[in-house]
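The sequence shown begins at -8 in this note's numbering and counts up one residue at a time. Note that beta-carbon positions come from the ideal geometry of N, C-alpha and C, so glycine has one too.
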Amino acid sequence: MKNYRLLLIFSMFLMMQTLNAQITLNLALNPRPQPYLADWMNPVNGQMIISFIPGTVLNDPNIKIKTTLMDQSRNIVGISNINASRVYTLRQGVNQFTLADALQIENLMLPGNVRNLLQRTGRLAAGDYYLQLELYNAGGDIVRAKQVARFSVISYQLPVLMQPANEANLDAHIAQNMITFRWTSLIPSSAEQTFYRVQVFEILPGQTPMQALRGNQPILDEPAMRGTTQFIWQPNLPMQDSTANHKFIWTIQSMDAKGIPVPSMDMTTQGRSEPAVFTIVNQTSVKGGEKQNEVLKTH
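Below, the structure written as structure tokens:
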């Protein structure tokens, strides 16, 4: 009797399955997708696969997608407007969509700070996120399938300046012909073709180094050869006279393949490493002054 009841329940379940259309959702999301959301149409980032088997009675093939973007604590970062979502008509069998279709960024309601960052950089802030997709009927009132996937936006450790070191004194006789800048690589190494810009600013009298960095026009702002962490500058400046004993501040700006600053934990740095200050010193003037002092001391 017990087996008969189980068989009856299973038969009723199968009958309901044949009456109703079956929709299954598979969200195949790269855990580290391309950082620019506009690139999520590329297959390397993954895809959304929806399988549709029509029923004998209920076989509505029309769906809407509701997208919810959450941070690592499952707090909502953005959510789509189901009423404004596009209606898709599914074919029988397997239907493939890009992640751009799943994200539907044009229909995603985002808070001001996230929207501003996205408009300025085209990417989300570094961190861990969850992408939740819900498939609704065309009326937007019945959930037919749901899935959540996790992904990360990488935060990079910017290069550390090595040469000239902070507070270094450079001999004007050498510096007028060549100054060599060296730094460490971006960590972790990026799959994108990143490159570095070397930037040097003169610190004018009465300025702090950071005021010069933020307010002055750079006297050097050039890209280093891709794949290298060194740049040789031939300044062609009169280092032995007017420029001698002047101070400069330099930094490296790490750029991605699109020429946009690489994101770090502090987005306000715009991809710039911790700067260093160096001074051009006319060693002849210094030695001459020392000799003059010695002469004065002997009289």
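Under a Cβ-count criterion, where at least 16 other Cβ atoms within 10 Å of its own Cβ denotes burial, should residue i be classed as buried or exposed?
i: V272; result: buried
i: N69; result: Looking at the sequence shown, residue 69 is not Asn but Gly. When all chains shown are included, G69 counts as buried.
i: I178; result: exposed
i: K249; result: exposed
i: K55; result: buried
i: Q263; result: Sequence inspection shows Arg at residue 263; the Gln mentioned does not correspond to that position. Buried: at least 16 other Cβ atoms inside 10 Å.
i: E265; result: exposed
i: P102; result: exposed
i: T9; result: Confidence at T9 is low in this model, with a pLDDT of 46, below 50, so its placement is unreliable and the value that follows should be read with caution. Label assigned to T9: exposed.
Output the distance between the C-alpha atoms of residue i and residue j, rounded to the nearest integer angstrom.
i: P196; j: V151; result: 27 Å
i: V48; j: Q83; result: Any reading at V48 needs caution, since the residue's pLDDT is 49, under 50, leaving its predicted position unreliable; the model's value is listed next. Roughly 15 Å between the two C-alpha positions.
i: D51; j: S71; result: 23 Å
i: N66; j: T59; result: 10 Å
i: Y127; j: F88; result: 16 Å
i: I240; j: R111; result: 27 Å
i: A166; j: P226; result: 8 Å
i: T185; j: P24; result: 17 Å
i: R205; j: N86; result: 52 Å
i: Y147; j: P45; result: 48 Å
i: R141; j: L90; result: 13 Å
i: R77; j: N53; result: 10 Å
i: A159; j: A29; result: 44 Å
i: A203; j: T260; result: 15 Å
Sort the options by Cα distance to residue i and report the nearest one.
i: P34; options: P45, F43, A19; result: A19
i: T270; options: F142, A91, I194; result: I194
i: A75; options: I165, A203, N98, F43; result: N98
i: P26; options: Q208, S181, M201, Q95; result: S181
i: T175; options: T219, Q123, T260; result: T219
So if DSSP puts residue i in a beta bridge, which residue, or which two residues, is it bridged to?
i: Q38; result: A19, T89
i: P252; result: M246
i: P214; result: R188
i: S71; result: L99
Considering only heavy atoms of the ligand MG, does any lie closer than 7 Å to the CB of residue i?
i: G250; result: The ligand content of the structure shown is nil, which means the ligand MG is not present either.
Exercise. Does the region 106 to 119 come close enough to the region 234 to 254 to have 3 or more Cβ pairs within less than 8 Å?
Worked result: These segments touch.
Exercise. Are there three or more Cβ pairs, one per stretch, closer than 8 Å when the region 243 to 250 is compared with the region 129 to 142?
Worked result: Touching, no.
For this session: Check whether the region 181 to 192 touches the region 201 to 220, taking contact to mean three or more Cβ pairs, one atom from each stretch, closer than 8 Å.
Result: Taking 8 Å as the limit for Cβ pairs, the verdict is that the region 201 to 220 does touch the region 181 to 192.
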